[in-house]
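A short write-up of the structure that comes next.
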Amino acid sequence: MILSEERLADRARDLEAAGLTGFALVYVSLEPVARPGFAWLDLEFHNANGLAVLPPVQAFRIEGGLRLRAGTGPGQVQVTEVLPNPEGRAHALRLRVAPVGDYSTYTLSTSAAGLVPPADALPRAMDPLFGRLPFKFRPGCFNLNCAPTWAPAPVPEPAPAIDYLARDYDSFRHVLMATMAQRVPGWAPTSEADLDQVLIDLIAAQADELADHHDRVIAERSIVTAHKRESFARHGRWMDYHLHQGNQASTWVAVQALQPATDLPALAQDAGGNLDEWAVWNGADWRDPEAVIFALPHEGPRWRRRVYRALNELRLYTWGDTVSALAAGATTADLTQAGSTSEADAIVLEDLLNGTSVLQGAAPGDDVDAAVHVLLLQEHLNPATGTANGVNVARRQALRLLPAGGPEPRAQRLQDPVSGAWFVRVRWVPEDALRQNFCFTCECAGTLVRDLARFHGNLVFVTQGRPQETRFLPPGPNRLPEADEQRLRALSHAHWLRRQRPEGALKLDDAVVCALPPRAGVLAFRATPPDGLTPPRSTLSVRVSGFATPWSERSDLVRSRDDDEHFIVQVHENQTAQLRFGNGVNGRALPEDAEVQARWRSGQGLAGNVGPDTLLRHSGGVGRVWNPFDVTDGREPEPVSNLVRRAPEAYRRHQLRAVTLPDYAARAEAVPGVAHAKARYLHSGSWRVVRVAVDPVGGGALQPGLRARIAAHLDAVRLIGDDVELRAAEYVPLDIRVTVCALSGTWAEDLRVELEMAFSDATLPGGGRGLFHPDDWSFGQPLHASQIIGRAMAVPGVERVTRLGMRRFNPGSGGGTSVVEIDLEALPVSSAQRLDFGDFEIPIVANDPDHLERGRIAFDIRGGRR
């Protein structure tokens, strides 16, 4: 053992007070002859305790020696005489030792064995740490090297030969038999029924399975050699790429209510005390294996929906058959409740659409969404025949109403001053402007047919997947209840398992795994973009007994603390799924007696992409239901081959720091509402400033709200030391004059309207864009004469373009004095003609007579009909 010299000295100083003593040092002197027969050992003790009586020879023992051993036998090195110190010191003794030992180290100690008081006083007073004293008989015969003594290591046994290429049953069996023949003399294989041969076969088989397991585990370490989908997903997350797990389909369902107000689901209690589900499906019965089930998603505090009988069918008020259709681009409509024009019905409709009806009152803690957010416009009769035959199912559109409480009312009650009829003017968001014309009245075979298209206000959003509930109980011998498949929301039971760690692993709480029953179906995932940047989100809702709130799903538990109520979902290659909870370090550990309730959906992918008017059956509470639109958003899980190809470069797509000027522009363009951005460096005198010019979607001024969002977005990625300054784009109005020749059968004024539409800055009724739409022009983009000529020639009725003039509306500003005049009659044109703009300039042509400072274009039409 290794002792502290300072503490040892302190202990020696305290021995006298404790009535103890110990060896301090020894002086060895030999008989002064050529062959000494004895030696004197002059001992010094730390104090005189135990030395009042001269101890006998038997009180001292000597151990050690190589050539001459120490002991009490004849001829062995031993103490033969004990004398007082010649100088009379009370804490010293002189011992006579014979014979003289060899050159090795001997150890002097005391022993009280066989002694009676007072002869045993010294041995009993010796402190254990000072009771042994090493010495040598000839210390002067050695050098002064202070290196510690060392002992040679034992001769190692020959290591057995290991065949590292043995990886299967035959090779392991061969190695074992060769080892037996080498280590057991005379052993040889005889019968396969012998015990030793059976043991060899069993060990070889076990080694074969273990080697195969090792090979499969080591193969998962690399994205190139992995086989399991879970391993691919983990490798992708390390490189900021999330493997898409597919997602359930979703759609709107139109509902006909039977009562003034009906909640879906109605919250009736079933036999198990669980809340009902409300679902729709195709086919005759939801129990059919081929049935595709859609149900209300349990998302948010208000997941249930309330539908109203007054909104079953809304008709367009035609002002005495004056309004026969709504044109493409319309964002308003005058509606009546099922054709009723009374003021009372108009009040009911207005209140329901504005969210102020008495039927929409919510009690504290109510989980019902009673507001009306979307209307459905659907063509029910064919305008060509006035019947349902040949109805175009593409003439349907969902219309999102304006936000309640905005500057414009979403629903406003009005009265026709001529007929006295009451109606409600409804407005929806410009993004949902009608994509095509909708006809409401027509004359077929001399008969006026009304209500060809109608509005519907009870739209319910549903998602694909049969509702499932699995209850996980602690492991135990108790038998689990049978699964209940007769309810729409199936109920099953299972035990959760604590994953065992291999022996020698870190002593942490083991993670708990809950495997979803495979027979219940494939776990459905919510809709997320398959861009590799968004983590997948399953439909699981997990509650644990003893915790008030549901646990949260995470893509991994790396950032989870020991008290975070998190879990992750692991999906295997056979599409089975399991929940994994934390281990007490990364994520909260599941208590030993915890019961886990998991609610989820089974079924997703392309199977949910059904056509319109196929979801016609429902679980009750309402009348007719139908899905007006094609379901197209169901996706299959992403193939792992995509991850292998994309993940190694995923970090390039998601840059977290703006380093160059294009980085600043790209991050600004990532903000919703920004069409284009351009950045450049400036110097403020003390530090560098990055000036970012922003072109909003649709052009126009940079609004304060958008400016704040861009500033916050760029502040999170800018370099330290860079200041960011936001500016609006520099819009350059143009003055353009075009001379065209019209075809002989074309009316000049009609052609002028077509030309103004083609060169406008708006979205055209057919879905296209005018040439000068703000989102089609960016910073520094030149305007070529060929663009003007080509767009004009594409307008039906234009024979040719004869002359073109382009210039800045204010040529004297900004150095933009260039004027392009092209006479197409004088061919050929020697060079390309264009207007150039600065790096932060964008051309605009609004062609608005009230705002000529925003650019104009004039057409001189020659020929045609007048």
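Here this note's numbering is used: the first residue of the sequence shown is 22, the next is one more, and so on. Beta carbons: idealized from backbone N, C-alpha and C, even for Gly.
Let me confirm a value: Leu537 is counted as buried when at least 16 other C-beta atoms fall within 10 Å, else exposed. Which label applies? The residue given as residue 537 occupies position 516 in the sequence shown. Leu537 is buried by the Cβ-count criterion.
Is any heavy atom of the ligand SAM found at a distance shorter than 7 Å from the C-beta of Ser705? Ligands are entirely absent from the displayed structure, and the ligand SAM is therefore not among its contents.
If you count every other CB in all the chains shown that lies within 10 Å of the CB of Ile731, and 16 or more means buried, which is it? Along the sequence shown, read from residue 1 onward, the residue named residue 731 stands at position 710. Label assigned to Ile731: buried.
Could you give the uninterrupted runs of the beta strand (DSSP E) lying entirely in the segment 37–76, keeping only those of 3 residues or more? Here the runs fully enclosed are 44–51 and 60–66.
Helix, strand or coil: how does DSSP classify Val850 here? The residue labelled residue 850 in the question sits at position 829 within the sequence shown. Residue placement at Val850 is poorly supported in this model, since its pLDDT is 48, which falls under 50; the coordinates are not used for a value here.
Using 8 Å for Cβ pairs, my map puts Arg434 next to Val447. What's the rounded Cβ distance? In the sequence shown, counting from the first residue as 1, residue 434 sits at position 413. In the sequence shown, counting from the first residue as 1, residue 447 sits at position 426. Actually they are not in contact, since the Cβ atoms of Arg434 and Val447 sit about 11 Å apart, beyond 8 Å.
Is the segment 237–246 close to the segment 452–470, with three or more CB pairs under 8 Å? Contact annotation: the segment 237–246 does not touch the segment 452–470, with fewer than three C-beta pairs closer than 8 Å.
Which residue wins for smallest C-alpha separation from Arg326, given the options Gln227, His265 and Leu480? To locate residue 326, count along the sequence shown from 1; it is residue 305. When only C-alpha atoms are compared, the closest one is Leu480.
Do the segment 351–368 and the segment 327–339 meet, that is, are 3 or more Cβ pairs less than 8 Å apart? Under the 8 Å Cβ criterion, the segment 351–368 counts as touching the segment 327–339, having at least three qualifying pairs.
In whole angstroms, give me the CA-to-CA distance for Ala305 and Arg638. Indexing the sequence shown from 1 puts residue 305 at position 284. Indexing the sequence shown from 1 puts residue 638 at position 617. Roughly 7 Å between the two C-alpha positions.
Coil, strand or helix - Gly626 by DSSP: For this step, residue 626 is matched to residue 605 along the sequence shown. Helix, per DSSP.
Along the beta strand (DSSP E) that carries Ser863, what are the first and last residues, could you check? Numbered from its first residue, the sequence shown carries residue 863 at position 842. Checking the sequence shown, residue 863 turns out to be Ile, not Ser. For Ile863, the enclosing beta strand (DSSP E) covers residues Glu862 to Ile865.
For Met147, does the three-state DSSP call read helix, strand or coil? In the sequence shown, counting from the first residue as 1, residue 147 sits at position 126. Looking at Met147 - three-state DSSP - the assignment turns out to be strand.
Rounded to the nearest angstrom, how far is the Cβ of Tyr127 from that of Gly86, given a contact under 8 Å? In the sequence shown, the residue the question calls residue 127 occupies position 106. In the sequence shown, the residue the question calls residue 86 occupies position 65. Correct: roughly 6 Å between the Cβ atoms.
According to DSSP, is Tyr685 helix, strand or coil? Reading the sequence shown from its first residue, position 664 is the one you call residue 685. It is helical.
May I ask you to report which of helix, strand or coil DSSP gives His704? Within the sequence shown, residue 704 is the residue found at index 683, counting from 1. Residue state, collapsed to three classes: strand.
Are the beta-carbon atoms belonging to Leu398 and Gln418 less than 8 Å from one another? As a first step, residue 398 must be located in the sequence shown, where it is residue number 377. As a first step, residue 418 must be located in the sequence shown, where it is residue number 397. Cβ distance < 8 Å, so Leu398 and Gln418 count as in contact.
According to DSSP, simplified to helix, strand and coil, what is Ala526? Along the sequence shown, one-based indexing puts residue 526 at 505. At Ala526, the pLDDT of 48 sits below 50, so the modelled position is not reliable and the matter cannot be decided from this model.
Sub-8 Å separation of Gly40 and Ala146 beta-carbons: Taking the first residue of the sequence shown as position 1, residue 40 is located at position 19. Taking the first residue of the sequence shown as position 1, residue 146 is located at position 125. Yes, the pair counts as a contact, with Cβ atoms nearer than the cut-off.
In angstroms with no decimal places, state the Cα-to-Cα distance between Gly257 and Val606. The sequence position of residue 257 within the sequence shown is 236, counting from 1. The sequence position of residue 606 within the sequence shown is 585, counting from 1. Rounded to the nearest angstrom, the two C-alpha atoms are 23 Å apart.
Output yes or no for whether 8 Å exceeds the beta carbon distance between Val389 and Arg471. Taking the first residue of the sequence shown as 1, we reach residue 389 at position 368. Taking the first residue of the sequence shown as 1, we reach residue 471 at position 450. Result no, Cβ atoms of Val389 and Arg471 do not sit closer than 8 Å.
Per DSSP, which one or two residues make a beta bridge with His639? Position 618 of the sequence shown, counted from the start, is the residue given in the question as residue 639. Per DSSP, Val301.
As an exercise, report each continuous beta strand (DSSP E) stretch of at least 3 residues that is fully enclosed by the segment 240–293, in chain order. 271–276 and 282–285, all fully within the segment 240–293.
For Ala140, which of helix, strand or coil comes out of DSSP? Residue mapping note: residue 140 aligns to position 119 of the sequence shown, counting from 1. The three-state reading of DSSP puts Ala140 in coil, since its state is none of H, G, I, E or B.
Give the single residue among Thr353, Arg308, Pro310 and Ala365 whose Cα lies nearest to the Cα of Ala10. The shown model of the chain, from 22 to 887, leaves out residue 10, and the question about it has no answer.
Leu512 bridges to which residues according to DSSP? Within the sequence shown, the letter at position 491 stands for residue 512. Note: Leu512 is bridge-paired with Glu490 and Asp505 in the DSSP secondary-structure output.
Report all residues from its chain with a CB closer than 7 Å to the CB of Gly293; omit the five preceding and five following residues, and keep chain order. Translated into the one-based positions of the sequence shown, residue 293 becomes position 272. With a pLDDT of only 42 at Gly293, under the threshold of 50, the placement of this residue in the model should not be trusted; the figure read from the coordinates follows. If we look at Gly293 and ignore the five residues flanking it on each side, its Cβ neighbours are Leu512.
For a test of the three-state rule: what should DSSP assign to Ile882, helix, strand or coil? As a position in the sequence shown, residue 882 is number 861, starting the count at 1. Strand, per DSSP.
For Asp35, which residues from the same chain have a beta carbon less than 8 Å from its beta carbon, with the 5 sequence-adjacent residues on both sides left out? Position 14 of the sequence shown, counted from the start, is the residue given in the question as residue 35. Cβ neighbours of Asp35 beyond the five flanking positions: none.
Would you report the Cα separation of His587 and Ala504, rounded to the nearest angstrom? Stepping through the sequence shown from its first residue, residue 587 is reached at position 566. Stepping through the sequence shown from its first residue, residue 504 is reached at position 483. Distance between the alpha carbons of His587 and Ala504 is about 27 Å.
Name the two residues that bound the continuous alpha helix (DSSP H) containing Ile811. Position 790 of the sequence shown, counted from the first residue, corresponds to residue 811. This sequence places Gly at residue 811; Ile is not what is there. Annotation: the continuous alpha helix (DSSP H) that includes Gly811 extends over Ala806 to Met814.
Using 8 Å for Cβ pairs, my map puts Ala763 next to Val819. What's the rounded Cβ distance? Working through the sequence shown from its first residue, we reach residue 763 at position 742. Working through the sequence shown from its first residue, we reach residue 819 at position 798. Yes, Ala763 and Val819 are in contact; Cβ-Cβ is about 7 Å, under 8 Å.
For Ala783, which residues of its own chain have a beta-carbon under 6 Å away from its beta-carbon, when the five flanking residues on both sides are left out? Residue 783 sits at position 762 when you count from the first residue of the sequence shown. Gly791.
Candidates Glu777, Asp614 and Gly884: which alpha carbon is nearest Ala813's? In the sequence shown, counting from the first residue as 1, residue 813 sits at position 792. Ranked by how close their Cα comes to the Cα of Ala813, the residues Glu777, Asp614 and Gly884 have Glu777 in first place.
Between which two residues does the alpha helix (DSSP H) harbouring Leu374 extend? Locating residue 374 in the sequence shown gives position 353, where the first residue counts as 1. Taken as a continuous stretch (DSSP letters only), the alpha helix (DSSP H) holding Leu374 covers Glu364 to Asn375.
With distances taken Cα to Cα, identify the nearest neighbour of Ile83 among Val100, Gly94 and Leu75. As a working note, residue 83 is residue 62 in the sequence shown. The shortest Cα separation from Ile83 among Val100, Gly94 and Leu75 belongs to Val100.
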